[in-house]
Amino acid sequence: MFSLSIPDFPNVSLVAFYGDKPFRLAASIAQLQTYLSESTILRHKFTSYQLGQVHGTIVGCEGLKTERGVMSKWFWEGRKKIRYIDLSGFLNYLLDSDHLPMNIRFGGYDPSIDYNYLSRDRHPYQRSFQLQPSGEQTLLAVLIGWPCWEDFISLDLDYLRRDAQKFNLLHKYHILSEQVDNDFYMRLGVIEGKLSPEAIATLEKEIGEMLRAKSFFDVTIKPENLAFARYQELSLPLETTTILPLIQATSGKLEALYSIQLEPL
5 MFSLSIPDFP
15 NVSLVAFYGD
25 KPFRLAASIA
35 QLQTYLSEST
45 ILRHKFTSYQ
55 LGQVHGTIVG
65 CEGLKTERGV
75 MSKWFWEGRK
85 KIRYIDLSGF
95 LNYLLDSDHL
105 PMNIRFGGYD
115 PSIDYNYLSR
125 DRHPYQRSFQ
135 LQPSGEQTLL
145 AVLIGWPCWE
155 DFISLDLDYL
165 RRDAQKFNLL
175 HKYHILSEQV
185 DNDFYMRLGV
195 IEGKLSPEAI
205 ATLEKEIGEM
215 LRAKSFFDVT
225 IKPENLAFAR
235 YQELSLPLET
245 TTILPLIQAT
255 SGKLEALYSI
265 QLEPL
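Residues 5 to 269, numbered by the working numbering, are exactly what the sequence shown covers, in order.
See the structure below:
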């Protein structure tokens with residue numbers, strides 16, 4: 005087996021709600037960012053992302069452009085298989101998918117209700133807001149929602165991500181075939197500096213309870229809310245990220261986002 009490393013940057017991802025957002029979603033993001041900025045626990049360690057750059061990743065489309073096509077990063081790095089992404093097929097699938105439009109619910113999850121789904125073995129109430137490690141002394145503040153109808157969480161997002169394999173795209177969190185990733189998460193900003201486990205637990209509980217106590221809100225992901233992002237940093241800053249809306253995409257335009265080229269493999 006030959007050695008090949010596919011660079012992390014620049015690369016491409018399919019995202020939702022980059023840029024413009026529904027009013028209720030934008031207002032909730034701003035409210036949470038303000039709460040974190042004013043938190044006495046954090047003591048001004050939190051830096052908000054710009055509202056426009058906050059997004060939810062649907063499927064990472066990372067790859068490497070070669071003379072034979074765009075080679076899938078995660079099929080190679082996760083399963084050591086060479087696969088070339090069927091860009092045209094994936095575009096057609098997204099525009100005609102049974103899983104779109106998709107209803108995503110944020111907040112309002114009652115710990116006494118069984119939603120028929122656990123996120124990483126935890127109730128949605130416990131996972132609605134998370135502080136996730138990103139380096140030794142850095143945390144990401146993350147708002148999480150799920151495809152939900154009434155009191156039932158469907159696996160529509162996981163199914164859409166799994167369907168991407170038909171087009172030689174492997175979702176990063178589907179490396180093992182039995183893995184399930186149904187979380188729609190949005191990074192709100194970054195916390196720089198060490199926090200104790202007790203401080204993390206307290207802040208997660210405070211915001212989790214705030215999200216539970218307020219009425220839930222739903223957003224609908226439609227094809228017009230999706231875009232391919234060519235990013236230089238994982239946070240997708242507005243200044244360095246190129247956006248190709250799904251409804252304007254062609255296979256040629258999408259392939260052009262992959263700038264790195266190699267000899268045929």
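All C-beta atoms in this analysis are idealised placements derived from N, C-alpha and C, irrespective of residue type, glycine included.
(message) Using 8 Å as the cut-off, can you tell me whether the region 245-256 makes contact with the region 216-236, which would need three or more C-beta pairs spanning the two stretches below that distance?
(response) yes
(request) From the DSSP output, read off the bridge partner residues of V194. (result) T51 and L144
(message) Whole angstroms are fine: how far does the CA of V63 sit from the CA of Y262?
(response) Approximately 16 Å between the Cα atoms of the pair.
(message) Quick check: the Cα distance between G149 and E259, rounded to an integer number of angstroms?
(response) 30 Å
(message) Given this structure, state the Cα-to-Cα distance separating P26 from S181, to the nearest angstrom.
(response) 34 Å
(request) Give me whichever residues DSSP pairs with G73 in a beta bridge. (result) T70
(request) Could you name the residues of the same chain whose beta carbon sits closer than 8 Å to that of I179, not counting the 5 residues immediately before and after it, in chain order? (result) Excluding positions up to five away in sequence, the list reads W78, G82 and R83.
(message) Taking the alpha-carbon of I33 as reference, which of L98, V16, L147 and N120 has the nearest alpha-carbon?
(response) L147
(message) Once the 5 residues before and after L143 are set aside, which same chain residues still bring their CB inside 8 Å of it?
(response) Correct list, in chain order: L135, Q136, P137, V194, I195, L199 and I204.
(message) Suppose contacts are defined by Cβ-Cβ distances below 8 Å. Is I10 in contact with W80 by that definition?
(response) yes
(message) Quick check on DSSP: helix, strand or coil for D118?
(response) coil
(request) Counting only the same chain and skipping the five closest in sequence on each side, list residues whose C-beta sits under 6 Å from that of M190. (result) If we look at M190 and ignore the five residues flanking it on each side, its Cβ neighbours are V58, G60 and L147.
(message) When you compare the CB positions of Q37 and L207, do they come within less than 8 Å of one another, or not?
(response) In this structure, Q37 keeps its C-beta atom at 8 Å or more from the C-beta atom of L207.
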